[in-house]
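A.B. asks: Have a look at this one.
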Amino acid sequence: LFCTAERQAACPKLTTSCEIVREPGCGCCPVCARQKGELCGVYTPRCGSGFRCYPSANSELPLEQLIQGFGRCENKVDLEPTMTDQESGHSGEVNGTRSPPVKKPGKENNYQYIKETAVKQHLNNKRTRMYSSLDDPKTPHPRQSQCQQELDRVLENISRMTFHDNKGPLENLYDLKFPNCDKTGQYNLKQCNMSSHGQRGECWCVNPYTGVQIPSSPKVRGDPNCSQYYGGPELEPPTTQQK
């Protein structure tokens, strides 16, 4: 509906041969799919055929990891038991282990389960850090960066979301503004809205400490060329910025 011929004609041409998928979100332009082992997440191109984007197995914050693009494209794992297994009476369990009961998920139920699990882990981790600090008052609690605090607020909003309206779960997520934090907790220079309604999300450049848009940086549906600000006063901490 939204991917008109005019919009598709404005898409950049792919220069390499690859499996073609649509860009993240609700964009219309073709992009190369991510291959097995490559980084992936909410804002990245989809994984190729037969693969899916997963957080690392030992991740304490799986949803946050996917939002920040630190997941990995791995072989799809089919969690549904096959009819052959059920009819033959084989449970697929290895001797000495017990598998948890598997409920065949519908589209909404499966998403709801993943969302609830990820957000609960995120909130439980926050509570654990808080209680550990109370138990040992001598241990200073590390102060979260502004970007991490903003991301926490978004994740808590997700934990309160319901997916029983007409817009569906993905549309609810696209309405949220996810801050793009780097590994140190600061804002990535380049921030983007998710693609929606067939259009690329707008991107702009920000101060990594405050997340405030650099005044001379335009909002564009493409690359705002944030590297041009490296070493400039726009990227200095607020306390040292020139007034």
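Residue numbers (full-length UniProt numbering): 1 to 243.
Positions of the beta carbon are idealized from the N, C-alpha and C atoms, including for glycine.
Fair warning: this is a prediction, and the values are worked out from it, not measured in the lab.
1) Distance, Cα to Cα, CYS3 vs ARG143?
2) Is the beta carbon of SER145 sitting closer than 7 angstroms to the one on GLY185?
3) Go ahead and pull the three-state DSSP assignment for TYR230.
4) Is it buried or exposed for CYS40, if we count other Cβ within 10 angstroms and need 16 for buried?
5) Compare the Cα-Cα distances from VAL212 to each of ARG221, SER17, PRO237 and GLU19 and report the closest residue.
6) Should GLN191 go down as buried or exposed, given a rule of 16 or more other Cβ atoms within 10 Å for buried?
7) Taking only the alpha-carbon atoms, compute the straight-line gap between CYS32 and ALA9 and give it to the nearest angstrom.
8) For SER49, tell me which candidate among PRO62, CYS29 and CYS73 has the shortest Cα-Cα distance.
9) With DSSP as the reference, identify every bridge partner of ASN75, one or two as the case may be.
10) Under 7 angstroms Cβ to Cβ from PRO224, same chain only, skipping five residues before and after it: list those, please.
11) What's the gap between the Cα of ASN75 and the Cα of SER56?
12) Helix, strand or coil, according to DSSP, for LEU155 in the structure here?
13) What's the call for LEU66, buried or exposed, on a 16-neighbour Cβ count within 10 Å?
14) Give a yes or no on whether the C-beta atoms belonging to ILE20 and PRO30 are separated by under 7 angstroms.
15) Considering only C-alpha positions, which residue in the set LEU176, MET194 and CYS147 is nearest to THR44?
16) Looking at the secondary structure, which residues open and close the beta strand (DSSP E) in which ILE214 lies?
17) Exposed or buried, VAL102, counting other C-beta atoms within 10 Å across all chains shown (16 or more means buried)?
C.D. replies: Based on what the coordinates show:
1) Within the model, the alpha-carbon separation for CYS3 versus ARG143 is close to 44 angstroms.
2) yes
3) coil
4) buried
5) PRO237
6) buried
7) Each residue's alpha carbon lies about 17 angstroms from the other.
8) CYS73
9) PHE51
10) LYS190, CYS203, TRP204, CYS205, SER217 and PRO218
11) Answer to the nearest angstrom: the Cα atoms are 13 angstroms apart.
12) helix
13) buried
14) yes
15) Checked all of LEU176, MET194 and CYS147; the closest Cα to THR44 is MET194.
16) Taken as a continuous stretch (DSSP letters only), ILE214 belongs to no beta strand (DSSP E), as it is neither H nor E.
17) Bear in mind that the predicted position of VAL102 carries a pLDDT of just 39, short of 50, making it unreliable; the figure below should be weighed with that in mind. Result: exposed.
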